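Q:
2 protein chains.
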Amino acid sequence: MEIIVPKDRLAKALNIVSRITVSLKSAFPMLNNVLLRAEDGKLSMTATDMEMATVCNIGAKVVKKGVITAPAKLLAEMVANLSKDEEVKIVVKDGKLTVSAGKDRAVINGAAADDYPELPVIDEEKAVKLQIGVDGLKRALGSVMIASSNDTTRPALTGVYFNTFEGSLYLAATDGYRLAEMKFVDKVESEVFAIVPTSSLSEVLRSMNDEIEEVEILIDEAQVRFRMGEMEFMSKLIGGSFPDYRQLIPKKTDTNMVLERAECVRVTKLAAVFAREMGGSIVCEADKEKGVLVIGSVASEFGENNSEIVTKIDNGGKVTLNSRFLLDALNVVEEERIRFGFSGKLSPVVIKNEKNENYIQIIMPLKS
Amino acid sequence: MEIIVPKDRLAKALNIVSRITVSLKSAFPMLNNVLLRAEDGKLSMTATDMEMATVCNIGAKVVKKGVITAPAKLLAEMVANLSKDEEVKIVVKDGKLTVSAGKDRAVINGAAADDYPELPVIDEEKAVKLQIGVDGLKRALGSVMIASSNDTTRPALTGVYFNTFEGSLYLAATDGYRLAEMKFVDKVESEVFAIVPTSSLSEVLRSMNDEIEEVEILIDEAQVRFRMGEMEFMSKLIGGSFPDYRQLIPKKTDTNMVLERAECVRVTKLAAVFAREMGGSIVCEADKEKGVLVIGSVASEFGENNSEIVTKIDNGGKVTLNSRFLLDALNVVEEERIRFGFSGKLSPVVIKNEKNENYIQIIMPLKS
Chain A
6 MEIIVPKDRL AKALNIVSRI TVSLKSAFPM LNNVLLRAED GKLSMTATDM EMATVCNIGA
66 KVVKKGVITA PAKLLAEMVA NLSKDEEVKI VVKDGKLTVS AGKDRAVING AAADDYPELP
126 VIDEEKAVKL QIGVDGLKRA LGSVMIASSN DTTRPALTGV YFNTFEGSLY LAATDGYRLA
186 EMKFVDKVES EVFAIVPTSS LSEVLRSMND EIEEVEILID EAQVRFRMGE MEFMSKLIGG
246 SFPDYRQLIP KKTDTNMVLE RAECVRVTKL AAVFAREMGG SIVCEADKEK GVLVIGSVAS
306 EFGENNSEIV TKIDNGGKVT LNSRFLLDAL NVVEEERIRF GFSGKLSPVV IKNEKNENYI
366 QIIMPLKS
Chain B
6 MEIIVPKDRL AKALNIVSRI TVSLKSAFPM LNNVLLRAED GKLSMTATDM EMATVCNIGA
66 KVVKKGVITA PAKLLAEMVA NLSKDEEVKI VVKDGKLTVS AGKDRAVING AAADDYPELP
126 VIDEEKAVKL QIGVDGLKRA LGSVMIASSN DTTRPALTGV YFNTFEGSLY LAATDGYRLA
186 EMKFVDKVES EVFAIVPTSS LSEVLRSMND EIEEVEILID EAQVRFRMGE MEFMSKLIGG
246 SFPDYRQLIP KKTDTNMVLE RAECVRVTKL AAVFAREMGG SIVCEADKEK GVLVIGSVAS
306 EFGENNSEIV TKIDNGGKVT LNSRFLLDAL NVVEEERIRF GFSGKLSPVV IKNEKNENYI
366 QIIMPLKS
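Respectively, the protein sequence lines represent chains A and B. Residues in the first sequence are numbered consecutively from 6, following the numbering used here. Residues in the second sequence are numbered consecutively from 6, following the numbering used here.
(1) Can you tell me the Cβ-Cβ gap for residue 223 (chain A) and residue 345 (chain A), rounded? I've got them flagged as a contact below 8 Å.
(2) Closer than 8 Å between beta carbons: that is the criterion. Which residues of the region 270-281 of chain A meet it against chain B?
(3) Which residues in chain B sit within 8 Å of residue 83 (chain A), going by Cβ to Cβ distance?
(4) Looking at chain B, which residues of the region 17-42 of chain A have a Cβ within less than 7 Å of any of its Cβ atoms?
(5) Does the beta-carbon distance from residue 374 (chain B) to residue 307 (chain A) come in below 7 Å?
(6) Would you list, in sequence order, the uninterrupted beta strand (DSSP E) runs of no fewer than 3 residues that lie entirely inside the region 324-354 of chain B?
(7) Tell me which residue opens and which closes the beta strand (DSSP E) that residue 312 (chain A) is part of.
(8) Looking only at C-alpha atoms, which of A:267, A:51, A:349 and A:6 sits nearest to residue 374 (chain A)?
(9) In three-state DSSP terms, what is residue 34 (chain B)?
(10) In the DSSP assignment, find the alpha helix (DSSP H) that holds residue 275 (chain B) and state where it starts and stops.
(11) Please specify which runs of the alpha helix (DSSP H), each continuous and at least 4 residues long, are wholly inside the region 177-235 of chain B, giving them in chain order.
(12) Locate the beta strand (DSSP E) running through residue 6 (chain A), then write down its first and last residues.
(13) Taking any Cβ of chain B, which residues in the region 129-148 of chain A have a Cβ under 7 Å from it, in chain order?
(14) Hey, quick one: how far does the alpha helix (DSSP H) through residue 101 (chain A) stretch, first residue to last?
(15) With the cut-off set at 7 Å, would you say residue 165 (chain B) and residue 220 (chain B) are in Cβ contact?
(16) How is residue 92 (chain A) classed by DSSP in three states: helix, strand or coil?
(17) Anything in chain A within Cβ reach of residue 108 (chain B), meaning under 7 Å, just list it in chain order.
(18) What number of angstroms, rounded off, separates the C-alpha of residue 257 (chain B) from the C-alpha of residue 198 (chain B)?
(19) Note down, in chain order, every chain E residue with its Cβ under 7 Å from the Cβ of residue 113 (chain B).
(20) Which residues share a DSSP beta bridge with residue 292 (chain A)?
(21) Whether or not the region 126-143 of chain A and the region 55-71 of chain A are in contact is what I'm after, with contact meaning three or more pairs of Cβ atoms, one per stretch, closer than 8 Å; do they touch?
(22) Just how far apart, CA to CA, sit residue 124 (chain B) and residue 298 (chain B)?
(23) So that I know if they touch, is there some Cβ in chain A lying closer than 7 Å to that of residue 76 (chain B)?
(24) Count the other CB atoms, across all protein chains shown, that sit within 10 Å of the CB of residue 341 (chain B); report buried if there are 16 or more and exposed otherwise.
(25) Sort B:174, B:42, B:203 and B:361 by Cα distance to residue 133 (chain B) and report the nearest one.
(26) Within the 7 Å Cβ cut-off, does residue 79 (chain A) reach chain B?
(27) Under a Cβ-count criterion, where at least 16 other Cβ atoms within 10 Å of its own Cβ denotes burial, should residue 38 (chain A) be classed as buried or exposed?
(28) Going by DSSP, what residue range makes up the alpha helix (DSSP H) through residue 21 (chain A)?
(29) Looking at residue 70 (chain B) and residue 92 (chain B), is the spacing between their C-beta atoms short of 7 Å?
(30) Flag this pair as yes or no: are the beta carbons of residue 154 (chain B) and residue 162 (chain B) separated by less than 7 Å?
(31) So, under 8 Å CB-CB, residue 276 (chain A) and residue 300 (chain A) are touching, yes? Tell me the CB distance rounded to an integer number of Å.
(32) Could you check whether the Cβ of residue 456 (chain B) sits closer than 7 Å to any Cβ belonging to chain A?
(33) DSSP puts residue 127 (chain B) in a beta bridge; with which residues?
(34) Give the DSSP-derived three-state secondary structure of residue 162 (chain B) in the structure shown.
(35) For residue 27 (chain B), which residues from the same chain have a beta carbon less than 8 Å from its beta carbon, with the 5 sequence-adjacent residues on both sides left out?
(36) Taking the alpha-carbon of residue 229 (chain B) as reference, which of B:326, B:373 and B:205 has the nearest alpha-carbon?
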């Protein structure tokens, strides 16, 4: 193998693929490596942790075709520190990669590609295909992922549920204490019911850059593929069934108001300072006559607090919430004003944008 | 006690003083607290961890004088989240602080000031006084502190040595493997030999802001005080004697060259990628005839590298260095071009600015 590639593009691609490789001390050393394949005017770089795989292709001057694997993080870090604006030459001989650029030269011990794991292939004929603008995908994933769980004993909750309902595609996530749902695509032709690991989606989000405008998503029975420009991310789906979450979303709430998001964040943070010693428990009390929502902490060893937000309220009521869940929710709502509703101490709290009805979050109250 | 203070200044001051208070679970709960004293049109805030103390004064409308202590981090975080541009009112009654601003209100359980530790007082008559521009102090501390040690078994090495020599004041630090020295004040009238804890100096550096131009430094037998605007930092000095470091600084070196700092950083990082598995060991080899300095790693399991820097060299030579020490040194040198010198494999490496002779770093070589 012998190729010449521009330094910047190589560095960018290696930075992305090397991220999912495992640490050097792993029991499967081959998973530390990136697979490099040079052919047809391009260099293709592949990495996998067996749950997901990343492939990046960049244009290359291929003097001699070939395939090899090399330690991904080492190679990525090395290339990142090569001279700016130089062309990088990679020559493979006897299992060693000689990488040179300007007055820099390195020899890296590679490993034959034969032992590199086979990546699963998506059957493009049978899979459901979606074409999404990058901005829309970023927004949707960012808004929904926050509600997913880290608890691996309930795998289905560690992912985002892509699901069709009445002809539209929804994304949903829940950790059992809160839930976020967004209507993602208005009309889809085929049914989809797939749980995509949140960890894989985080990787997809991290790899997006300004050069890409559209993402092609392909979902089959067992896996999903995101194709963005010259990059591809494949991930296994999570098996098992997602909770029937729609029945948990209240059709309406008794106490309803519109709040300034920024003010609500500030006041929640203030109460959270005092609530820390009480497991984060804060109280929201709506007074219809006075037209104020009072957010405060419960008295603890250190003290207590409350703040008033002036707003129009249809019915009085009181509910106790985890301050962190409320802050997480407020931080991903998009509009400057939000709808905040609840129905007494036991029913879920509902948070929405003031205008856009496509997104909803619910938070279960704490006992008080 | 009853006072009214502007929110922004109060938040800033509390943020600074609360930093040195210890965590809430400490064995000396009083050290969690900030001492608040209201008198003569100002609010004075004091915190200490018994090694150092911080005092901040801000102008206040004092309706009723008084003194109290309250949990510092809780109070700081709370005030930070109050409404912008509001005046904050603090009223103390029966050991409770009622803090209010706009529509926010909190009650914090305070503790009587009687049990708060006495701060030591510097005898201004006997102490040595220095007046330093903020920029100069920042630069000097930043350049010297990097060489100080974290190893508390040799306390003298965990500080910066303020010392007079031939009528000038020098700052020096060493961890036994490297050393940094800067001529700090050209002419001083009294002798100073004081080891100031690096941790205290970090705190002083962190608290500097754009509003301050000059720092007054007062040093006596046992302590140092930095006064910057309305803030004061006091710190105990470290006892014991600092190594007689001047004899370690080579008068001259055999192999000498001038290098572009940025290029040297890049090439050292590149070698460090490969050197990681070899304890960070990198080799610098100067070739007088070719006029190149070659910086490279030693061959390891993963590979090896080398990069050439073209420069004028007076004598050939070779030395092995810890890449992290070299990077640390290069990162704090100020000029774009640096002087790099050494004398074979066993003598210290010397790094200086190309022009400014007031600063020197030395690094002991590794065995090779």
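Glycine included, every Cβ here is placed at the ideal spot set by N, Cα and C. Remember, it's a predicted structure, so these values are computed and weren't measured experimentally.
A: Let's see:
(1) For the purposes of this step, residue 223 (chain A) is taken as the residue at position 218 of the first sequence. For the purposes of this step, residue 345 (chain A) is taken as the residue at position 340 of the first sequence. Residue 223 (chain A) to residue 345 (chain A), Cβ: 38 Å. No contact.
(2) If the cut-off is 8 Å between Cβ atoms, the region 270-281 of chain A has 271, 272, 274, 275, 278 and 279 near chain B.
(3) The count along the first sequence starts at 1 and reaches residue 83 (chain A) at position 78. Counting only Cβ-Cβ distances below 8 Å, residue 83 (chain A) has contacts in chain B at 275, 278, 279 and 310, in chain order.
(4) Considering only beta carbons, no part of the region 17-42 of chain A lies closer than 7 Å to chain B.
(5) Nothing about residue 374 (chain B) can be read from this structure; chain B reaches only from 6 to 373.
(6) For the region 324-354 of chain B, whole beta strand (DSSP E) runs of length 3 or above, ordered along the chain, are 342-347.
(7) Stepping through the first sequence from its first residue, residue 312 (chain A) is reached at position 307. Counting along the chain, the beta strand (DSSP E) containing residue 312 (chain A) begins and ends at 308-315.
(8) This structure cannot speak to residue 374 (chain A), because chain A is shown only from 6 to 373.
(9) Counting from 1 along the second sequence, the entry for residue 34 (chain B) is found at position 29. Residue 34 (chain B): helix per DSSP, three-state reduction.
(10) The residue you call residue 275 (chain B) lines up with position 270 of the second sequence. Residues 266-280.
(11) Uninterrupted alpha helix (DSSP H) stretches at least 4 residues long and entirely within the region 177-235 of chain B occur at 203-212, given in chain order.
(12) Start at 1 with the first residue of the first sequence, and residue 6 (chain A) comes out as number 1. Counting along the chain, residue 6 (chain A) falls outside any beta strand (DSSP E), and DSSP gives it neither H nor E.
(13) Correct list: empty, as no residue qualifies.
(14) Looking up residue 101 (chain A) in the first sequence gives position 96. Looking at the DSSP string, residue 101 (chain A) is not in any alpha helix (DSSP H); the run it does join, the beta strand (DSSP E), is 101-106.
(15) The residue labelled residue 165 (chain B) in the question sits at position 160 within the second sequence. The residue labelled residue 220 (chain B) in the question sits at position 215 within the second sequence. The answer is no: Cβ separation not under 7 Å.
(16) For the purposes of this step, residue 92 (chain A) is identified with residue 87 of the first sequence, where counting begins at 1. Strand at residue 92 (chain A).
(17) As a first step, residue 108 (chain B) must be located in the second sequence, where it is residue number 103. In chain order: 312 and 313.
(18) If you number the second sequence from 1, residue 257 (chain B) lands on position 252. If you number the second sequence from 1, residue 198 (chain B) lands on position 193. Each residue's alpha carbon lies about 27 Å from the other.
(19) Going by chain labels, chain E is absent from the structure shown, which instead holds the protein chains A and B.
(20) Within the first sequence, residue 292 (chain A) is the residue found at index 287, counting from 1. Paired residue(s): A:297.
(21) These segments do not touch.
(22) Translated into positions along the second sequence, residue 124 (chain B) becomes position 119. Translated into positions along the second sequence, residue 298 (chain B) becomes position 293. CA-CA distance, residue 124 (chain B) to residue 298 (chain B), rounds to 55 Å.
(23) Counting from one through the second sequence, the residue named residue 76 (chain B) turns up at place 71. Closer than 7 Å: yes.
(24) Position 336 of the second sequence, counting from 1, holds the residue named residue 341 (chain B). Flag for residue 341 (chain B) reads exposed.
(25) Along the second sequence, read from residue 1 onward, the residue named residue 133 (chain B) stands at position 128. Answer by Cα proximity: B:174.
(26) Within the first sequence, residue 79 (chain A) is the residue found at index 74, counting from 1. Yes, its Cβ sits closer than 7 Å to a Cβ of chain B.
(27) Counting from one through the first sequence, the residue named residue 38 (chain A) turns up at place 33. Within a 10 Å sphere around the beta-carbon of residue 38 (chain A) sit 16 or more other beta-carbons, which makes this residue buried.
(28) Mapped onto the first sequence, residue 21 (chain A) falls at position 16. Its alpha helix (DSSP H) spans residues 12-24.
(29) Position 87 of the second sequence, counting from 1, holds the residue named residue 92 (chain B). Position 65 of the second sequence, counting from 1, holds the residue named residue 70 (chain B). Their beta carbons are not under 7 Å apart, which means residue 92 (chain B) does not touch residue 70 (chain B) by this criterion.
(30) Counted from its first residue, the second sequence places residue 154 (chain B) at position 149. Counted from its first residue, the second sequence places residue 162 (chain B) at position 157. Yes, these two residues count as a Cβ contact at 7 Å.
(31) The sequence position of residue 276 (chain A) within the first sequence is 271, counting from 1. The sequence position of residue 300 (chain A) within the first sequence is 295, counting from 1. About 5 Å separates the CB atoms of residue 276 (chain A) and residue 300 (chain A); that is less than 8 Å, so the two are in contact.
(32) Past the edges of chain B, shown from 6 to 373, lies residue 456 (chain B), and the structure says nothing about it.
(33) Taking the first residue of the second sequence as position 1, residue 127 (chain B) is located at position 122. In DSSP, residue 127 (chain B) forms no bridge with anything.
(34) Counting from one through the second sequence, the residue named residue 162 (chain B) turns up at place 157. Looking at residue 162 (chain B) - three-state DSSP - the assignment turns out to be helix.
(35) Locating residue 27 (chain B) in the second sequence gives position 22, counting from the first residue. Within the same chain, residue 27 (chain B) has close Cβ partners 33, 36, 37 and 54.
(36) Position 224 of the second sequence, counting from 1, holds the residue named residue 229 (chain B). That would be B:205, whose Cα lies nearest to the Cα of residue 229 (chain B).
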